[in-house]
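Visitor:
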Amino acid sequence: MLNLFNEKTPILLYMKTAIEKGPEGTHYEDRILGPQAYLIEKNKDKLIPANIVNRVIAYITAVMEVKSAMGVIVAAPTTGACAALPGTIIGMADELGLGLDEVVKAMLAAGMIGGLIADKTGFAAEVGGCQLECGAASAMSAAGLVQLAGGSAEEGVSAASIALQNILGLVYDPVANRVEWPCLGRNVMAGVNAIASANMALAGYDEVVPLDETLEAMREVGGLMHFKLRCTGLGGLSVTPTSKKIHTELEQHAKKE
Ligand code: SF4
């Protein structure tokens with residue numbers, strides 16, 4: 037039987053390895069962005085003081101860069117939104133000095149929310165936009181953070197609902213048809229939103245709309261979303277002059293190879 041509370045648990049191992057490998061620098065030809073994961077540490081004296089947030093940004097960037105270099109990541113809940121959950125949970129655990137058991141329990145709490153989302157809407161951005169990817173990742177992370185902080189199940193569910201409500205309606209419009217940008221920024225936003233939502237729930241804020249109703253609203257919003265904003269590359273940032281220029285450059289580069 038799989039022992040989740042084991043240092044060698046493959047899923048956690050892959051997540052941690054991506055966080056460690058990212059700042060060492062990753063490379064892949066067909067890619068928009070160069071390595072940036074090391075920049076937070078390098079420029080830490082210039083940054084707005086927010087240790088936990090800055091660590092989470094760095095961890096999320098590391099995982100996204102390993103993904104963009106075709107390295108091993110855990111697509112939890114999806115490939116495009118693979119970084120928010122490990123970056124936020126492991127980042128927070130490292131910042132607080134928490135161990136493996138706490139991280140595993142946080143991931144299980146996150147997985148409970150993921151299961152509810154899978155049941156109600158699924159995670160396909162082609163169906164409901166980025167709210168189903170980064171929104172789901174943020175809600176899962178928020179519940180995981182509440183668990184890390186020793187909060188109750190009710191607070192975890194409330195945090196997930198707040199996180200999803202904050203992200204409702206997020207469209208899918210990748211630049212140059214690559215799963216890189218705005219995905220990186222949106223994973224970071226999902227992590228930071230998770231921290232805020234977890235603290236709101238832990239402080240006793242009212243989530244107003246409960247999670248089951250929020251999930252139903254997300255499903256409805258996904259259905260109302262124009263097809264140009266659902267993975268077709270026909271709307272939003274995808275059709276900006278910059279996106280088209282990057283796309284052309286990458287295609288030309290690929291032909292030369
Ligand atoms: S923009 Fe698209 S690929 Fe990127 S995280 Fe959102 S849904 Fe995923």
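Counting the sequence shown from 1 gives a position; our numbering is that position plus 36. Glycine residues also receive a C-beta, built at the ideal position from the N, C-alpha and C atoms. All of these numbers come straight from a predicted model, not from anything done at the bench.
#1: Taking the alpha-carbon of residue 193 as reference, which of 203, 201, 217, 149 has the nearest alpha-carbon?
#2: Quick one: measure Cβ to Cβ for residue 254 and residue 171, integer angstroms, because I've assumed they're closer than 8 Å.
#3: Does residue 99 pass the burial test, meaning 16 or more other C-beta atoms within 10 Å, or should it be called exposed?
#4: Going straight from the alpha carbon of residue 37 to that of residue 184, what length do you get?
#5: Confirm the yes/no value for this check: CB of residue 91, any heavy atom of the ligand SF4, distance under 6 Å.
#6: Flag residue 232 as yes when its Cβ comes closer than 6 Å to any non-hydrogen atom of the ligand SF4, and as no otherwise.
#7: Quick check: what's the CA-CA separation for residue 139 versus residue 47?
#8: If you count every other CB in all the chains shown that lies within 10 Å of the CB of residue 124, and 16 or more means buried, which is it?
#9: List, from N- to C-terminal side, the alpha helix (DSSP H) runs of 4 residues or more that fit wholly inside the region 172-237.
#10: Throw me the rounded Cβ distance for the residue 156 and residue 273 pair, which I believe falls under 8 Å.
#11: Strictly under 7 Å for the Cβ-Cβ distance: is residue 124 near chain D by that measure?
#12: Out of 91, 101, 62, 64, which has the shortest C-alpha to C-alpha gap to residue 294?
#13: Taking 7 Å as the cut-off, decide whether the C-beta atoms of residue 232 and residue 177 are in contact.
#14: Using the C-alpha atoms, what's the distance from residue 174 back to residue 227?
#15: Pull up the CB-CB distance for residue 145 and residue 191, whole angstroms please, since I reckon it's below 8 Å.
#16: Residue 277 to residue 210, Cα distance in whole Å?
#17: Considering only residues of the region 134-168, which uninterrupted alpha helix (DSSP H) runs meet the minimum length of 4 residues and lie entirely inside it, listed in chain order?
#18: From what residue to what residue does the alpha helix (DSSP H) around residue 64 run?
#19: Helix, strand or coil, according to DSSP, for residue 291 in the structure here?
#20: Enumerate in chain order the residues of its own chain whose CB-to-CB distance from residue 241 is below 6 Å, with the five nearest sequence positions on each side excluded.
Guide: Taking the coordinates as given:
#1: 149
#2: 7 Å between Cβ atoms; contact.
#3: Counting Cβ neighbours within 10 Å, residue 99 comes out buried, since at least 16 surround it.
#4: Because residue 37 sits at a pLDDT of 49, beneath the cut-off of 50, its placement in the model cannot be relied upon, and the point is left open.
#5: no
#6: At a threshold of 6 Å, residue 232 does not count as near the ligand SF4, since its beta carbon sits no closer than that to any of the ligand's heavy atoms.
#7: 12 Å
#8: buried
#9: 189-203
#10: The beta-carbon separation of residue 156 and residue 273, rounded to 27 Å, does not stay under the 8 Å limit for a contact.
#11: Absent here is chain D; the protein component of the structure consists of one chain.
#12: Residue 294 cannot be examined here, being either before or after the span of the chain that is shown, 37 to 293.
#13: no
#14: 6 Å
#15: Not a contact, Cβ separation roughly 10 Å.
#16: 13 Å
#17: Taken in chain order, the complete alpha helix (DSSP H) segments of 4 residues or longer contained in the region 134-168 are 136-156, 161-164.
#18: Taken as a continuous stretch (DSSP letters only), residue 64 belongs to no alpha helix (DSSP H), as it is neither H nor E.
#19: helix
#20: The beta carbon of residue 241 sits closer than 6 Å to no other beta carbon from its chain once the five residues preceding and following it are set aside.
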